[in-house]
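Enquirer: Take a look at the following structure, please.
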Amino acid sequence: MQQQTKVNSWGRVAHLGKKNGVASALALAGVLLLSACGGSSSQITNNDLPDPGMDGVAPTLTAVSIKQAKEKVGSKTGIAKLGQSVSLSFTASEGLMTPVVMINGQAAAVQGSIQNWSAKREMNDADVDGMVTFEIQYQDVSGETGAPVSATTDASAVEYCVEGCADPNDNPLVGDWRLAGAGSLRVGPAPLDGGWYSVSASDVVTRACQFDDIFRFNADGSFENVQQDDTWLENWQGGGDEGSCGLPVAPHDGSTAALWDFDDVAGTLTLQGMGAHLGLAKAVNEGELPNVGAPESVTYTVETLSASGTDLTVVIEAGAGVFWTFDFRKAQSRPPIVGSWKLAGEGSFRVGPAALDGGWFSPDAVVIAARDCLMDDVFYFGEDGSFSNLQGGSTWLEGWQNGGADEACGAPVAPHDGSMKGYYMLDEAAGTLTLEGKGAHLGLPKAVNTGEVNNGAAIPDRLTYTIDVLGANGSAMTVYIESGEGVFWTFDF
Numbered sequence: 008m009q010q011q012t013k014v015n016s017w018g019r020v021a022h023l024g025k026k027n028g029v030a031s032a033l034a035l036a037g038v039l040l041l042s043a044c045g046g047s048s049s050q051i052t053n054n055d056l057p058d059p060g061m062d063g064v065a066p067t068l069t070a071v072s073i074k075q076a077k078e079k080v081g082s083k084t085g086i087a088k089l090g091q092s093v094s095l096s097f098t099a100s101e102g103l104m105t106p107v108v109m110i111n112g113q114a115a116a117v118q119g120s121i122q123n124w125s126a127k128r129e130m131n132d133a134d135v136d137g138m139v140t141f142e143i144q145y146q147d148v149s150g151e152t153g154a155p156v157s158a159t160t161d162a163s164a165v166e167y168c169v170e171g172c173a174d175p176n177d178n179p180l181v182g183d184w185r186l187a188g189a190g191s192l193r194v195g196p197a198p199l200d201g202g203w204y205s206v207s208a209s210d211v212v213t214r215a216c217q218f219d220d221i222f223r224f225n226a227d228g229s230f231e232n233v234q235q236d237d238t239w240l241e242n243w244q245g246g247g248d249e250g251s252c253g254l255p256v257a258p259h260d261g262s263t264a265a266l267w268d269f270d271d272v273a274g275t276l277t278l279q280g281m282g283a284h285l286g287l288a289k290a291v292n293e294g295e296l297p298n299v300g301a302p303e304s305v306t307y308t309v310e311t312l313s314a315s316g317t318d319l320t321v322v323i324e325a326g327a328g329v330f331w332t333f334d335f336r337k338a339q340s341r342p343p344i345v346g347s348w349k350l351a352g353e354g355s356f357r358v359g360p361a362a363l364d365g366g367w368f369s370p371d372a373v374v375i376a377a378r379d380c381l382m383d384d385v386f387y388f389g390e391d392g393s394f395s396n397l398q399g400g401s402t403w404l405e406g407w408q409n410g411g412a413d414e415a416c417g418a419p420v421a422p423h424d425g426s427m428k429g430y431y432m433l434d435e436a437a438g439t440l441t442l443e444g445k446g447a448h449l450g451l452p453k454a455v456n457t458g459e460v461n462n463g464a465a466i467p468d469r470l471t472y473t474i475d476v477l478g479a480n481g482s483a484m485t486v487y488i489e490s491g492e493g494v495f496w497t498f499d500f
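Residue numbers (my numbering): 8 to 500.
Right under this line is the structure:
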């Protein structure tokens, strides 16, 4: 006998007592009395309907798509590696019994109902490199069997590579690179050493204009410094005693045509063209600017260059015994979570008895309009691992945050006001996203792992969310958190 539940405007579940025991007992007594009186059994038998049998019309699948499970939508160039999951979504012309789905010859977990279904399977050691295959077997509710399906309707496809797929014909240097965050720019008495200076996480924030600079290696051998009209200027460039952001200064402004040459045998990378540089403009082979003149070419030693073309470390000896080291990450290979995120509108924060479910509460257009101060909140993930709640002086406050007053927009309340330093850890293999720092949160501050803060749960120093979707292009993300047993908050960004 299930308990009844009711939900307030924010999805808080309140349990009602079991009050239907007497009614159930009376109903049971009535059934027994009717049976004892006789005649009812034959009447029920006479009213049994015959099995309607198959309807003569075979079902079909009208839409089939495949993707790596963490992608938002399928594409022609989907890829997956060991430990990642591949998912199928498909729609039928009519209601189906639960289909049987094989992905790469192994059974997949199927869920859905009526016409809309999905299946998912984690890639494992039994899978071999190549295009992922599938087969869907299905029948409608009358028992008619449809033709097995093993092709998508949208040309989507997934290639599986145990260690991740890469084109062996691509030069791993070609593309856009950025400095890789804290520690990626350093100097010391030996290669890779940062004993004299190493850029900190706070420096990365201060020098944001430098950490968005692009070092572009084109396939035709040309090189570009792309600085978006704003970069870090040192004092010798007019940036003041401490340095500051400002307009790039020639010849280090990308205005000179430049070329690059990588000698993989010697392990050297040479840029030709006055002003062309990696990392810092001042570090050249003869010394440090302005103590020496700007040269026509600069040669770096390549310490690491990943075969996948995602990570690069170079060193330059800028005068005797002065070694500058620069770590880069391919710009498009930055973790897709890096950047600023906002809630995605209607239905984007919801609660229910299961992950992704909004059965207890899901905001409609009216709710979204009333909570505009929440919808403009920014959840910022830095490339250096920092996390910030940026609320612009106003956010949505619930009663537990404002002394029991009605819910309304208002000044953020500590510790959920972004005043505490936060960090994040993305574990793509486990599919989890962890925030560290008291008050750091996604979506709503009350939803924590041990329950809901408004119902007595303590504000933790750490929160862990499960990632359902994180697009490779960094455009969409869905996470959920179980806030106490059986209470699932889901957030779309």
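Ideal placement from N, C-alpha and C gives every residue a C-beta, glycine not left out. These numbers were taken from a predicted model, which means no experiment stands behind them.
Starting from Met484 and walking both ways along the beta strand (DSSP E), at which residues does that stretch end?
Expert: Within the sequence shown, the letter at position 477 stands for residue 484. From DSSP, the beta strand (DSSP E) with Met484 extends over 484-489.
Enquirer: Would the beta-carbon of Ala187 fall within 8 Å of that of Asp334?
Expert: Stepping through the sequence shown from its first residue, residue 187 is reached at position 180. Stepping through the sequence shown from its first residue, residue 334 is reached at position 327. Their beta carbons are under 8 Å apart, which means Ala187 touches Asp334 by this criterion.
Enquirer: Does the contact criterion of 3 or more C-beta pairs under 8 Å hold for the segment 160-171 versus the segment 303-313?
Expert: No contact exists between the segment 160-171 and the segment 303-313.
Enquirer: Consult DSSP for Asp379 and reduce its assignment to one of helix, strand or coil.
Expert: One-based indexing of the sequence shown puts residue 379 at position 372. Looking at Asp379 - three-state DSSP - the assignment turns out to be helix.
Enquirer: When you measure from the CB of Val93 to every non-hydrogen atom of the ligand NAD, does any distance come out below 7 Å?
Expert: Absence of the ligand NAD is noted for the structure shown, with no ligands found whatsoever.
Enquirer: Just tell me which of Gln244, Phe230, Cys252, Gly247 has its CA closest to the CA of Thr238.
Expert: Residue mapping note: residue 238 aligns to position 231 of the sequence shown, counting from 1. If we check each option's Cα against that of Thr238, Cys252 comes out closest.
Enquirer: Excluding sequence positions up to five away, which residues of its chain have a Cβ less than 7 Å from the Cβ of Val476?
Expert: Numbered from 1 along the sequence shown, position 469 holds the residue referred to as residue 476. Closer than 7 Å at Cβ, skipping near neighbours: Lys77, Lys79, Ala483, Met484, Thr485.
Enquirer: Cα-Cα, which of Ala338, Gly294, Val299, Gly300 is closest to Ala325?
Expert: Reading the sequence shown from its first residue, position 318 is the one you call residue 325. Comparing Cα positions, the closest option is Gly294.
Enquirer: Between the alpha carbons of Gln4 and Leu95, how many angstroms are there, rounded?
Expert: Because the chain spans 8 through 500 in this model, residue 4 falls outside it and cannot be assessed.
Enquirer: Give the DSSP-derived three-state secondary structure of Cys216 in the structure shown.
Expert: Indexing the sequence shown from 1 puts residue 216 at position 209. Reduced to three states, the DSSP call for Cys216 is helix.
Enquirer: Hey, could you find the ends of the beta strand (DSSP E) Phe222 is sitting in?
Expert: One-based indexing of the sequence shown puts residue 222 at position 215. It spans 221-224 - the beta strand (DSSP E) in which Phe222 sits, taken as one unbroken run.
Enquirer: Is the beta carbon of Gly328 sitting closer than 8 Å to the one on Pro198?
Expert: Within the sequence shown, numbered from 1, the residue matching residue 328 stands at position 321. Within the sequence shown, numbered from 1, the residue matching residue 198 stands at position 191. Annotated as distal: Gly328 and Pro198, with beta-carbon spacing of 8 Å or more.
Enquirer: Could you say if the segment 394-406 and the segment 414-421 meet the contact criterion of at least three C-beta pairs nearer than 8 Å?
Expert: yes
Enquirer: Compare the beta carbon distance of Leu68 and Ala87 with 8 Å and say whether it is the shorter of the two.
Expert: Walking along the sequence shown from the start, residue 68 turns up at place 61. Walking along the sequence shown from the start, residue 87 turns up at place 80. No, the Cβ-Cβ distance between Leu68 and Ala87 is not below 8 Å.
Enquirer: Could you check the C-alpha separation between Trp203 and Thr317 for me, to the nearest Å?
Expert: As a first step, residue 203 is located in the sequence shown; it is residue number 196 there, counting from the start. As a first step, residue 317 is located in the sequence shown; it is residue number 310 there, counting from the start. Each residue's Cα considered, the two are about 27 Å apart.
Enquirer: Can you give me the C-alpha to C-alpha distance between Pro360 and Ser82, rounded to a whole angstrom?
Expert: As a position in the sequence shown, residue 360 is number 353, starting the count at 1. As a position in the sequence shown, residue 82 is number 75, starting the count at 1. Taking the Cα positions, Pro360 is about 32 Å away from Ser82.
Enquirer: Which residue marks the beginning of the beta strand (DSSP E) containing Ile466, and which one marks its end?
Expert: Position 459 of the sequence shown, counted from the start, is the residue given in the question as residue 466. That residue, Ile466, is in no beta strand (DSSP E); it is neither H nor E in DSSP.
Enquirer: Which residues does DSSP pair with Gly253 in a beta bridge?
Expert: Taking the sequence shown and counting its residues from 1, the one referred to as residue 253 is at position 246. Per DSSP, Thr238.
Enquirer: Would DSSP call Asp200 helix, strand or coil?
Expert: For the purposes of this step, residue 200 is taken as the residue at position 193 of the sequence shown. It is coil, neither helix nor strand.
Enquirer: Let me check understanding here. Comparing Cα to Cα, which of Arg378, Ala351, Asn396, Cys380 lies closest to Phe386?
Expert: Translated into positions along the sequence shown, residue 386 becomes position 379. The shortest C-alpha separation from Phe386 is found at Asn396.
Enquirer: Does the Cβ-Cβ distance between Thr473 and Tyr487 come in under 8 Å?
Expert: The residue you call residue 473 lines up with position 466 of the sequence shown. The residue you call residue 487 lines up with position 480 of the sequence shown. Contact flag set, yes.
Enquirer: Hey, quick one: how far does the beta strand (DSSP E) through Ala126 stretch, first residue to last?
Expert: Locating residue 126 in the sequence shown gives position 119, counting from the first residue. Ala126 -> beta strand (DSSP E) spans 123-129.
Enquirer: What three-state label does DSSP hand Asn15 in the structure shown?
Expert: As a first step, residue 15 must be located in the sequence shown, where it is residue number 8. Note that Asn15 has pLDDT 36, beneath the 50 cutoff, so the model's placement of it is unreliable and no number is given.
Enquirer: Using alpha carbons as the reference points, say which of Ser120, Met382, Asn131 lies closest to Gln398.
Expert: For the purposes of this step, residue 398 is taken as residue 391 along the sequence shown, with counting starting at 1. Among Ser120, Met382, Asn131, the Cα nearest to that of Gln398 belongs to Met382.
Enquirer: Only counting the same chain, and skipping five residues up and downstream in sequence, which positions put a Cβ closer than 6 Å to that of Pro452?
Expert: For the purposes of this step, residue 452 is taken as residue 445 along the sequence shown, with counting starting at 1. Cβ neighbours of Pro452 beyond the five flanking positions: His423.
Enquirer: Using only the alpha-carbon positions, how far apart do Ala377 and Gly450 sit?
Expert: What you label residue 377 is simply residue 370 of the sequence shown in a count that begins at 1. What you label residue 450 is simply residue 443 of the sequence shown in a count that begins at 1. For Ala377 and Gly450, the distance between alpha carbons rounds to 16 Å.
Enquirer: Out of Phe97, Asp134, Met130, Met138, state which residue places its alpha-carbon closest to the alpha-carbon of Pro155.
Expert: What you label residue 155 is simply residue 148 of the sequence shown in a count that begins at 1. The alpha carbon of Pro155 has as its nearest neighbour, out of Phe97, Asp134, Met130, Met138, the alpha carbon of Phe97.
Enquirer: Taking only the alpha-carbon atoms, compute the straight-line gap between Asp220 and Gly119 and give it to the nearest angstrom.
Expert: Within the sequence shown, residue 220 is the residue found at index 213, counting from 1. Within the sequence shown, residue 119 is the residue found at index 112, counting from 1. Straight-line Cα distance between these residues: approximately 46 Å.
Enquirer: If you draw a straight line from the alpha carbon of Asn178 to that of Ser229, how long is it in whole angstroms?
Expert: What you label residue 178 is simply residue 171 of the sequence shown in a count that begins at 1. What you label residue 229 is simply residue 222 of the sequence shown in a count that begins at 1. Approximately 14 Å between the Cα atoms of the pair.
Enquirer: Skipping 5 residues on each side, what residues in its chain have a beta carbon closer than 6 Å to that of Val139?
Expert: Translated into the one-based positions of the sequence shown, residue 139 becomes position 132. Excluding sequence neighbours, Val139 sits near Val93, Asn111, Val165, Tyr167.
Enquirer: Apply the 10 Å Cβ neighbour rule to Ser207 and answer buried if 16 or more other Cβ atoms are within range, or exposed otherwise.
Expert: As a working mapping, residue 207 is identified with position 200 in the sequence shown. Its Cβ having fewer than 16 others within 10 Å, Ser207 is exposed.
Enquirer: For Ala288, tell me which candidate among Lys74, Leu192, Phe498 has the shortest Cα-Cα distance.
Expert: By one-based count along the sequence shown, residue 288 stands at place 281. The option with the nearest alpha carbon to Ala288 is Leu192.
Enquirer: Taking the beta strand (DSSP E) that Ser96 belongs to, which residues open and close that run?
Expert: Locating residue 96 in the sequence shown gives position 89, where the first residue counts as 1. Per DSSP, Ser96 belongs to the beta strand (DSSP E) from 92-99.
Enquirer: Identify which residue in Gly458, Lys445, Asp268 has its Cα closest to the Cα of Ala226.
Expert: Within the sequence shown, residue 226 is the residue found at index 219, counting from 1. Residue Asp268 is the option with its Cα nearest to Ala226.
Enquirer: Asp271 by DSSP, collapsed to three states: which one?
Expert: Taking the sequence shown and counting its residues from 1, the one referred to as residue 271 is at position 264. When secondary structure is reduced to three states using DSSP, Asp271 falls in the coil class, being assigned neither helix nor strand.
Enquirer: Give me, in chain order, the residues of the same chain whose beta-carbon lies closer than 6 Å to that of Leu180; leave out the 5 immediate sequence neighbours on both sides.
Expert: The sequence position of residue 180 within the sequence shown is 173, counting from 1. For Leu180, where only same-chain residues beyond five positions count, the Cβ hits under 6 Å are Phe224, Phe269.
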